[in-house]
Structure formats: structure tokens, C-alpha cells
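Quick notes on the structure that follows.
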Amino acid sequence: MTAFIIRRALQAVVVLFLTALIVFLGVYAIGDPLEILLPGDATEAERAQVAASLGLDQPLPVQFIGFLTDILSGDFGRSFVYNRPTIDVIFERFPATLELVVTALVLSLLIGIPLGLWAGMKPRSAVDETIMTGSILGFSLPNFWQGMMLIMIFSVWLGWLPSTGRGDTATVLSIRTSFATWDGFTHLILPAINLALAQIALVIRLTRTGVQETTPLDFVRFARARGLTERRILLVHVMKNILIPIVTVLGIEFGSLIAFAVVTETIFAWPGIGKLIIDSINALDRPVIVTYILFIVTMFIVINLLVDILYSLIDPRIRVRQP
Amino acid sequence: MRIRKIVTVGAILASTAMPAFAADLTIGRATEPSSIDPQFSRTGNNQMTAELIFGRLVEFGPNLELSPGLATSWEALDDTTWQINLREGVTFHDGSPLTADDVMFSLERTDEVPNSPAPFSDMVSNIAAMDKVDDLTFKITTRTPAPRLIEDIGRVFIVSKTAAEGATSEDFNSGQVTIGTGPYVFESWTPGETLQIQAYDGYWGEKPDFADVDVRFISNDAARVAALLSGEVDLIDAVPPTDVPRLSETEGIRVISAASGRVVYLGLSMRFDEAPEVTDLDGNPLGDNPFRDARVRKAVSHMIDRALLVDRILGGSGVPAGQLVPNVLGGHAQGLEPDPYDPEKAKQLLAEAGYPDGFGITVYSSNNRLPGDADVGQALGQMLARGGLQVNGIRTLPYNIYAKAASAGDYSVFVFSLGSSTPSSAPNLMGLIHSHDKATGKGPFNRVRYANAHFDAALEAAMQEFDTEKRNELLADATRLAFAETPIVPLYWQKVHWAMKDEIAYDGGLSEATVAQNVTKVE
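Chains as they are written, first to last, in numbering that gives the first Met the number 0: chain A, 0 to 322; chain B, 0 to 522.
Here you go:
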């Protein structure tokens, strides 16, 4: 296990270096941050002053090497736009995204697994057909449109739920969260549902397929023969076997949701990092873009590692197989 | 039973949809500041934020007209010396009085803010020395005669010397040193989310109608409109032109529109001997740059039906333009009208210039910078094709890619814009039309590289004139001189829209700013 983790760590360093290089070159190729940062009536003198203070007057290799050396000493640079350490800018917004994504994932498990089990136990029944058709909608309706519809129905027509921002937040264990106040919680509902809809559909389908593949197997028949209740067979024995694909997919989805919750965050003006990265790309705020992508890549590496470790916890066979 | 439960839950949700601590006024703004430090950046989004909290030597009205602010008067003692008299009885939010020391400190600090992405340094670059006369009077010596000095230093926000000495931009963001003389006191700022402010009881000017204000940052157009419709915010800015008709018809919603000082123009590049992507009718490079002939530029201008462009493409959100600044700004040349749509004249001019059958061009436009900019590019392509040119392609690109390429001269025919932030046309003429000279910093965004020595001389003479009225007259004359040759093809001045609940009104204007002090209650 230790050798496995060390090997993964070494691979991670190579991946991170290549990512930094590609993103750095990519942003450089897109355009000139000065064109965006400076107001329309800036003079040449101001332009030169800004270029010098942001280090943009240096040749690209010098900029890149400077950036790498700074990273090694733990400094990820300062945002061109905000003139604050990029780490601060990103982590200030990260809890908002995390809160949204965790809520969406919990929702997708709470709603998706029971519905999937139900549909899987009664294949081709009216229940199954209804749930599966519903999940097709969850998949295929564009996220953006769903969001607008949610706002249209629940905020504009019914006036039940707020549609923008995080509302009142309170600080719990030095983390600012919307869970702590009722107002904050109501602000969370619509964006979380918007983000969860596609995930619910995904979990339903994974669970249903898993149930259908598992129920004809011998151990289920033996369990029935032993006189176990259907409920116990389904929730304990079948569940254990179908969790592996669900954990794998949700692990990856967790990463993607954090990295790409941008559509939901934009529609609901949710101050998370998805919105930050789009703003930063539009403003060519290179330090933020590079730091953000390095952070996301690191997160994916860690999630994949955790998923691999989780496998061995869920499935004893994998534990035995490992050297 | 179940139905009753649903109703109850609905009622609970409905009763809590409003924020627990409701502000008197909630504004939904499209852009957010990058810092609360008023001297960090002079982009529009930062300035309209600073305006809430900080005062300036002069006030700029909705149409950028000057009126006395923290300075009550300013007089030129000689060509290079100005005396500035400050208003008596002005206090900072911490109660301390405003003195000449604060103002001089603020002017000195402007070019010392580290890593500023858009410094105010040009506003104070002409200051050679400052001398305090007494607590409310000081003198400025300039390097060169500077008739427009107050327009420049008047844009600098005044901070408190005691609070801000040695402070960083981050100290302003946290509110530690965020002490100004403006109508509102800073409460808190959460980046990407809200800015909370409260009216200052000791404000020297007219007290704003709303005391407790939340500014929410909602960048997505549809989300901002939805927030207004659902009642979460009371006023939104940057209403997308396509939503204006619908919102105007919605009961309980008022839309206020104003022509902005932002001119959208078509650049025809004279920069290179051989214009990039300009071809003969077979698609081969044309050789000589046709846009160096003023007749060709005039012909292109006559091919464009500006009224049609504004009405059909922008839904009326524009005013056809024939020069850089609209008539409310100083230096607007009376009688200089937009070139009329006249395909016959265009054909005739092209033939005179030696291109009776036209030539091939590629039209470029950004697609996320201005409302409808991609559509404008498409429409222009069609108009130019109908007018007798061969349009080989119309390309629209995101602004972050587009801006660099346009400034580097990669495009021969391109749509660009320029906003106005001063009461006169001088800075815009200097930036856009004055011949490009990197060494002296003149014509910095003269991307088409128009050059006319007569115009340069006329403009520079105008800028030396101390008498405002005379100066504006000279600026107008210089403008007529240049636009006789169509240096750029002005298209339209953009219109901007605010939408709000019926019970409030907004005094919006050319500066495009959205500030709480201009929101008023309606009886």
C-alpha cells in the first residue's frame, strides 16, 4: 500500500508540472492581460508601469521559471485583478462551492438510491417506467435551462425561494456556511437541486442496473432460501455489491462538480470557485487560472487515490488480491 | 392531511424568502469591484464602488458635468500654478475633519498603490509639487500648463491620511482603513457576493433617500433580471437590450435608459503597407492598403445604415454616431452628423479611389464585450457586401483573445468601442485619433494608425487653452478637421438601461455608474 501511494505521488508531481506548463503557455497564447485590465483610456506610461509591476514585461520563460520557484517556496503568486494571493482568492470561495456540491451529492444519494432500488426490484412495471423516464429528463434537459426554470417557477411565480447568492451565513468552526441559518438554507435549495438533478438521474440508473445484475445471482437465492426478509436482502446484501460502481462514479463526479459547477453558480450568482475561474479566464488573470487548475488536478489525484482505497474497504476481495 | 402539510411548508418557505435583516435598498449590479481601495484601479466597476464611500475634489454628475465637491473653487494663479480651496466642515466617517493634508496625501498615494492593474497615475503625472497654504487651501505646481488639471485630479478619491498612511489595499478590503467623506459608510464586502453600506449622518451634501443598502453582484444577465422579477433586488443595472421591451411591459417595473458616452466604431486599419486579409476579388493579397485612401473610408461609412443597425440589431439600444462624444460632452462638434446611408455615393467614391468593383475584406468583432456585438459584426458584414465590397468572412471572438489581436494590428476591419470618463472629448481624441507615438505616449489606442499632423497640432493647441468654452470650441474644430477624413467609422453610442421597482427611480446617465445615492423614492 505504501509503495502504491508513493508511486502515485511521483506521478502526481509530473502531472502537476506538465499542467502548469500547458496552462501557462495556453493563457499566454490567448491574449494580453493588459488589454483587459487597463481602462480604455490608459496611456502608454501607465501600460508600461502596470506591465512592470505585474512582471509582464519579462520574457515568458523568465516568468514561468519565476512562477515555479515561487511555488516551491509555497507562494502561488498574486492575482492580477485583485492583487491578493491567489490561494486566498480561491479558498475564500471554495467553501461555498463545497457546500453546494456536498448538498447536491447527498441529495442525489438520498433520492437516487431508493428510486433506483425501487425501479430495479420491479423491472418493466409502471413504477420502473415512470422513474426511468424521469431520469432521462434529468439527464437530457440542459442544466442551464433547468436552472432558469427553477428560478422562474419557485422564485418569480411562486415566490417561495430566493434565487441569488448565499443569503445570511453564519460562521461555524471558523467556516462560513449557509447551513447555519434558515435564510442561508433556503438560498441553498434551488442551486443544490439544479446541480443534483443530473446526478440523481445518474445514481438511479447505476443503482437500477446494479440491482438487476445482482438479484439473479446465487447468493441472493441462497439468502432467500435462508428465509431472510426481502428488505434485508436488498438493503444489506445487494447494496454491498452495487456500491462499488456508485462510489467510483460519484468520486469522479464529486471532482467534476467542484470544478465545473460553473453553470449553476453563474445562474444563481453563487459566489463559488466555478464563477471565479470563468471570470478569471475572461480577465486573463493568469496566476488565478494556473493555481486553480493545479488545485483541481491535485484534487482529482487525491479523489482517485481515495476511491481506490475505499474499494478495498468496501470489497474484501480487492483487499485480499493486493500484494 | 398531506395537502395541508405541503401548504404549511410552502408558507414557511414563502415567509423566509426575504432576507432576515432586510436592507432598505438592494441593488443587483452586473460588475463587481476588484478592491475597495479607491485608488487601486480606475476601471468603471471600481470607481462606482468607491463613489459610494469616498468623496472627490469635484463631483461628476450623471453626464460627467463638473460641480464643486470637496473643493469649492480652484483658480490658476499662473500658467503652472493652481490654488485649490477646500470645503469647510467636511468630516470623514470617523468624525475627523477633512484638511489639505488628507488631499495632498491622497494625490501622492495614487501612483504608489502596489501592483495596481489600472493606476490613476496619469491623473497626477503633471503634478510637480504641492504646497499647503493653510488647513483648507493648497497649491499645485504643474510640469506643463494644465488647463484641465481639475478634471484629472478631480477623479482621484480622497482618503483619510491618519487612517490610510502605510495601509495596503487589503486593509481597505477588510474595512480597517475604509474611511472616506462620501455619502455611505462601509460595512462589509464579501467578494463575488455583496457590499453592505450605510448612510453617513455627517455627510456634507444632500442625504441619500436610502440609508441601509446592499449591493449584490449578479453577473449573469438572466439571473439579474430574475432577481428583480422575484423581488430579491430593487434595482438592476446593465439590463440586456433584448429584455428591455418585456420588462417595460411588466407591471410594477420601471426601465430607465440613457445614452452612454461609449462610442462603438468600425476601425479600418491604415497601419501596414499591405493590409492583413484584404484581398482582390480572386482572394489574392491586394497589395496597396486601400484604407489609406480617405475616399475608401468615407465610402465604407456611407455603406452603413446606422438607423437600421440600431433599430433592428440592438432593439433601439443605441444612438447613431458621427463622432467620438455625444452632444452633452464638451468638444462635441455641432453639425457633424453621422454619414447617411448612401450606396450610390459609396460606389462613386470607391470608383474614384480606383476600386470600381470593390475588394475583399474580413470583418472582425468581439462577441462578449458589448450587448449584441457579434450581431453587429454580422450585420456590418452584410451591409458592406451590399455596398460593393466582397466580404470573405465575418469572425467574432471572445474579447480576451480579440483585444490583443486588434491592438496588435491583426485585423483590417474590426468593431471596437471607447467609453468617456471625462467631461470633454480631449482624452478620447488624444487616445484614439492623435497619431500614434510610443515615445511620447500619444495615440495609445490609435489601432488604425490614422495620422494627420494638422489635427495633431489643432488638438494640442486646444488642450493648452485655459478657458473652458474656448477649449471646447477648439476641440470641436479639431474634431471636424479629423472627421472630414473619416479616421474611424463611428457607428453608434451605446444606450444603457436600468430596471427597478415602480416605487423608486434612478438618475442614470452617460457615466454608466450605478450608485445608491442616485436612487430616489417616488411618491
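We put the beta carbon where it would ideally sit given N, CA and C, even for glycine. No experiment lies behind these values; they were computed from the predicted model shown.
Judged by their CB atoms, residue 25(A) and residue 402(B) are not nearer to each other than the 8 Å cut-off. Excluding residues up to 5 positions away in sequence, 61, 517 lie with their Cβ nearer than 6 Å to the Cβ of residue 506(B) in the same chain. With a contact defined as Cβ atoms closer than 8 Å, residue 493(B) and residue 300(B) miss out at about 19 Å.
Counting only Cβ-Cβ distances below 8 Å, residue 189(B) has contacts in chain A at 270, in chain order. Contact residues of the segment 222-248 of chain B toward chain A are 222, 223, 225, 226, 228, 229, 230, 231, 232 (C-beta to C-beta distance below 9 Å). Judged by DSSP in its simplified three-state form, residue 217(B) adopts coil rather than helix or strand. Excluding residues up to 5 positions away in sequence, 63 lie with their Cβ nearer than 6 Å to the Cβ of residue 510(B) in the same chain. Relative to residue 70(B), the option among 276(B), 125(B), 153(B), 160(B) whose CA is nearest is 153(B).
For the alpha helix (DSSP H) assignment, the uninterrupted runs of no fewer than 4 residues enclosed by the segment 89-118 of chain B are, from N- to C-terminal side, 99-108. For residue 494(B), no alpha helix (DSSP H) encloses it; the enclosing beta strand (DSSP E) starts and ends at 488-500. For residue 59(B), the enclosing beta strand (DSSP E) stretches over residues 57-59. Taking 8 Å as the CB threshold, residue 154(A) lines the interface with chain B. Close to chain B, meaning a Cβ-Cβ distance shorter than 8 Å, are the following residues of the segment 129-153 of chain A: 147, 150, 151. When the Cα atoms are used, residue 52(A) and residue 241(A) turn out to be separated by approximately 56 Å.
At least one CB of chain A lies nearer than 8 Å to the CB of residue 193(B). As for any beta strand (DSSP E) of minimum length 3 sitting wholly inside the segment 60-128 of chain A, there is none. Neighbourhood of residue 402(B) in chain A, by CB distance below 8 Å: 30, 31, 34, 35, in chain order. With contacts defined as CB atoms closer than 8 Å, residue 67(A) and residue 49(A) fail to qualify as a contacting pair. In chain order, 298, 301, 302, 386, 387 place their CB closer than 7 Å to the CB of residue 345(B), counting only its own chain and leaving out the 5 sequence neighbours on each side.
Residue nearest to residue 164(B) within the set 178(B), 421(B), 151(B) is 178(B) (criterion: CA-CA distance). Judged by their CB atoms, residue 380(B) and residue 395(B) are not nearer to each other than the 8 Å cut-off.
8 Å or more divides the Cβ of residue 29(B) from the Cβ of residue 37(B).
Per DSSP, the continuous alpha helix (DSSP H) segment holding residue 10(A) begins and ends at 1-29. Close CB contacts of residue 295(A) within its chain, under the 7 Å cut and outside five residues either way in sequence, are with 258 (chain order).
For residue 266(A), the nearest beta carbon of chain B is closer than 8 Å to its own beta carbon. For residue 121(B), the closest Cβ of chain A is nearer than 8 Å.
When DSSP states are grouped into helix, strand and coil, residue 479(B) belongs to the helix group. Contact of residue 169(B) with chain A by beta-carbon distance below 7 Å involves 83. Per DSSP, the beta bridge partners of residue 284(B) are 278(B). Secondary structure of residue 261(A) (DSSP, three-state): helix.
Residue 422(B) sits close to residue 150(B), with the two beta carbons spaced by under 8 Å. Straight-line spacing of the CA atoms in residue 19(A) and residue 289(A) works out to 6 Å. In terms of Cβ geometry, residue 240(B) and residue 397(B) do not form a close pair [threshold 8 Å].
Residue 75(A) and residue 120(B) have their alpha carbons spaced roughly 28 Å apart. Judged by DSSP in its simplified three-state form, residue 403(B) adopts helix. Pairing residue 479(B) with residue 332(B), the inter-Cα distance amounts to about 7 Å.
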